[in-house]
Structures are given as C-alpha cells and as structure tokens.
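Each residue of the sequence shown is one higher than the last, beginning at 680 in UniProt numbering.
Even for Gly, the Cβ is constructed at its ideal location relative to N, Cα and C.
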Amino acid sequence: QAKTMGGNVFHLYSEHLGDSSAERLHLENELHNALEKHQFEVFYQPKQSLKSNRIESAEALIRWNHPTHGLISPVKFIPLAEEIGLINKIGEFVLRTACIQARRWSSRGYGDLKVSVNLSAQQLKAEGFMRLLETIIQEAELAPQRLTLEITESLLMDDVEGTIRKLQEIRDLGVGLSIDDFGTGYSSLSYLKRFPIDILKIDQSFIKDINNNSDDAAITKAIIAMAHSLDLRVIAEGVETIESREFLRDQNCDLIQGFLVSRPLTNDQMQVLLADNVA
Ligand code: C2E
Ligand code: MG
Ligand code: MG
Ligand code: MG
Numbered sequence: 680q681a682k683t684m685g686g687n688v689f690h691l692y693s694e695h696l697g698d699s700s701a702e703r704l705h706l707e708n709e710l711h712n713a714l715e716k717h718q719f720e721v722f723y724q725p726k727q728s729l730k731s732n733r734i735e736s737a738e739a740l741i742r743w744n745h746p747t748h749g750l751i752s753p754v755k756f757i758p759l760a761e762e763i764g765l766i767n768k769i770g771e772f773v774l775r776t777a778c779i780q781a782r783r784w785s786s787r788g789y790g791d792l793k794v795s796v797n798l799s800a801q802q803l804k805a806e807g808f809m810r811l812l813e814t815i816i817q818e819a820e821l822a823p824q825r826l827t828l829e830i831t832e833s834l835l836m837d838d839v840e841g842t843i844r845k846l847q848e849i850r851d852l853g854v855g856l857s858i859d860d861f862g863t864g865y866s867s868l869s870y871l872k873r874f875p876i877d878i879l880k881i882d883q884s885f886i887k888d889i890n891n892n893s894d895d896a897a898i899t900k901a902i903i904a905m906a907h908s909l910d911l912r913v914i915a916e917g918v919e920t921i922e923s924r925e926f927l928r929d930q931n932c933d934l935i936q937g938f939l940v941s942r943p944l945t946n947d948q949m950q951v952l953l954a955d956n957v958a
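Following this line, the structure appears as structure tokens:
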C-alpha cells in the first residue's frame, strides 16, 4: 500500500498547472504564503545498498500540498521559487525538516540511516549559508555525517574556484556531497576530481532504458568505472525494474534509488518501511 502513495501520482492532476500566464501568476501569489500556511510536506525516498541490500539513506523531496490542486510536484514550483527569490526560505525549511526527521529515526533505532537534501545554487551562494547549515545541524542534534547535500552539475560550473572553497567548508563540517543528475550537465571531467564530493548520482534518463539501449548501458558502465577510479561511490536513480537492478549490480554500482525500491514516502510510510527493513 505504501508503494502506491506519493511519487508521481500528483502529475496526473497537476500536469498543466501553471502553464498559462494567468495560472502562473496565481500560483506565484499562493507560493508566497505556502510556507506560513504549512502547505509544504517533505517526502522521503529510500536508497538501497546493492552490497548489503539495506536501506542506507533517504532523499528528502518536497511537495506542495495545495488546498484545491492537491499535491503539486516540485518540478512545477521549485523553478518558480528560484525565479521569485523564495528558494532560500523553502530550502531552509526542507533542510531543517529533514535533519529533525533523521534525528527522530535515530531515536527509534535507525541510527545509521542518512538523509540527503537537494540544494539550489542560490542557497549555496547566499550570504550566511554555512552558518545556517551549522545551526540547523546543531539544533537538530544530528551527526553531520548523516547529512548529504545533493547539488547539480550546472551549480558546479559557474565560479569553479569559489564553489570548490564553499564545498570544502561543507565537507569540513562533516556533511557529505553528491552530484545529482550526473551526465546531463556540462561539468568537465577534469574538474570532477577537484570537487570534494563523495557520491555521483547517475541521472535517471540513462537508467530508464538500460537493458534495451546499448548506448545508455555503455554510458552507465563508463560512469561507474570512472567514479570508482576517482574513489567516489555511485548511485543510480530511477531504477524501476529488477533487470536494471541486476545490470547495475553486475557493474558494481553501489546504491540504487527508484520505484523498484520504493516511491517517495510520507514520514509514517517511511517508519513502516524501516520496520520491515530491520525485521
Ligand atoms: P531529483 O533530486 O533528481 O529527485 C529525483 C526525482 O526522481 C524525484 O522527483 C523522484 O520522485 C523521482 N523518481 C525517483 N525514482 C523514480 C523512478 O523510479 N522513476 C521515475 N520516473 N521517477 C523517479 P520529484 O520528487 O518530483 O522531484 C523532482 C526534482 O525536484 C528533484 O529531482 C529535485 O531536482 C527537485 N526537488 C525536489 N525537492 C527539492 C528540494 O527540497 N529543494 C530543491 N532545491 N529541489 C528539490
Ligand atoms: Mg536529488
Ligand atoms: Mg536526480
Ligand atoms: Mg532531477
């Protein structure tokens, strides 16, 4: 039952939301108040180790629980929030919520479970981000090693030197870093080894058709081999079939995330899954 909830269900009824400019303006106005109206909800999608088969981590994924439109996908409102300057506040909410939640998992016996949070470029650039990050971790009483920030390749490529310094500060706190949607951006491979990252996330567009498309299979194999030779771990996202999981296992991929393991879950659903995972 848990597996039928969350995920992309909301796409069914909010697909065209915000497509017309009038709708967009309306959505934009409502977005300004969504935080104080407590309309955001953080879902968690498990990541499974292909070595131990255990749930090792979960990615925090925001949804907008809109009073009339239902759950709205972050694909619809995160770019808007970035455009109108709301992403820092929304991102702060997700970060705090996820850290507090991870702390609760440990008090219920899942002390090793990590959490990852998507970070927009604007958040990293914001004055005082490091202090904010430190404060949130401290207030949640979370071991920093249990938090990973997911950043995209495009974020890395503007102001490379400045970004490396900031990422190094994050690593110095003990917080992990992963590159999201890897393979879709423009990051130069020669820079890759200079960024203080831990994990590469192979974009789901390569994974979707991996058992039928030999190009996707070749690219995925190459990314895994390259990551390992740079001492990075690799996670494949968008894993939906047993066949793709077995392909990835054969290639020595470290972790998988996708509907095969679980859709993004509410807090309560996550507790149920964890109970099964440990039992
Ligand atoms: P992402 O970080 O790459 O997250 C993975 C997306 O793939 C999620 O979509 C997840 O639900 C979806 N997914 C996971 N497994 C599968 C699968 O097996 N098949 C398919 N078809 N899809 C799968 P979601 O939750 O709609 O999020 C979309 C994007 O919105 C995220 O992509 C991320 O870029 C952004 N986002 C979500 N939450 C936040 C947030 O708190 N802050 C920021 N800045 N961005 C966020
Ligand atoms: Mg992500
Ligand atoms: Mg991704
Ligand atoms: Mg994405």
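Excluding the 5 residues flanking it on each side, T863 has same chain C-beta neighbours closer than 6 Å at D882, in chain order.
Between V913 and I902, the C-beta gap is smaller than 9 Å, which places the two residues in contact. When the beta-carbon positions are compared, I816 and L828 stay at least 9 Å from each other.
In this structure, the beta-carbon distance from D859 to E832 falls below 9 Å. In this structure, N797 has its beta carbon less than 8 Å from a heavy atom of ligand 2. Short note on E829: C-beta closer than 8 Å to some heavy atom of ligand 2. Q883 has its Cβ nearer than 8 Å to a heavy atom of ligand 3. L792 is positioned such that its CB atom lies no closer than 9 Å to that of I830. For T899, there is no enclosing beta strand (DSSP E); the residue is found in the alpha helix (DSSP H) stretching over 893–908. Judged by DSSP in its simplified three-state form, N956 adopts helix. Per DSSP, the unbroken beta strand (DSSP E) holding V721 starts and ends at 719–728. DSSP places A915 in the uninterrupted beta strand (DSSP E) bounded by 912–916.
Scanning S799, L774, W743, I751 for the CA closest to the CA of G764 turns up S799.
Look at E919 here: in three-state DSSP terms it is coil, with no helix or strand label. Rounded to whole angstroms, the Cβ separation of L696 and K768 is 21 Å, and the two are not in contact under 8 Å. Excluding the 5 residues flanking it on each side, Q801 has same chain C-beta neighbours closer than 7 Å at E761, I766, N767, in chain order. Taking 8 Å as the cut-off, the C-beta of E738 counts as close to a heavy atom of ligand 2. Fewer than three beta-carbon pairs drawn from the stretch 707–718 and the stretch 919–937 are found closer than 8 Å, and the two stretches are therefore not classed as touching. The beta carbons of Q950 and R787 sit closer together than 9 Å.
Between the alpha carbons of E720 and S869 lies a gap of roughly 38 Å. Shown here, I766 sits in a helix according to DSSP, grouped into three states. Runs of the alpha helix (DSSP H) spanning 4 or more residues and lying entirely within the stretch 760–806 occur at 766–786, 800–804, in chain order. A residue is called buried once 16 or more other Cβ atoms fall within 10 Å of its Cβ, and R942 is buried on that count. Around the beta-carbon of Y723, 16 or more other beta-carbon atoms lie within 10 Å, marking it buried. In the DSSP assignment, F808 falls within the unbroken alpha helix (DSSP H) covering 808–819.
Annotation for F861: no alpha helix (DSSP H) segment contains it, though the beta strand (DSSP E) segment containing it runs 855–861.
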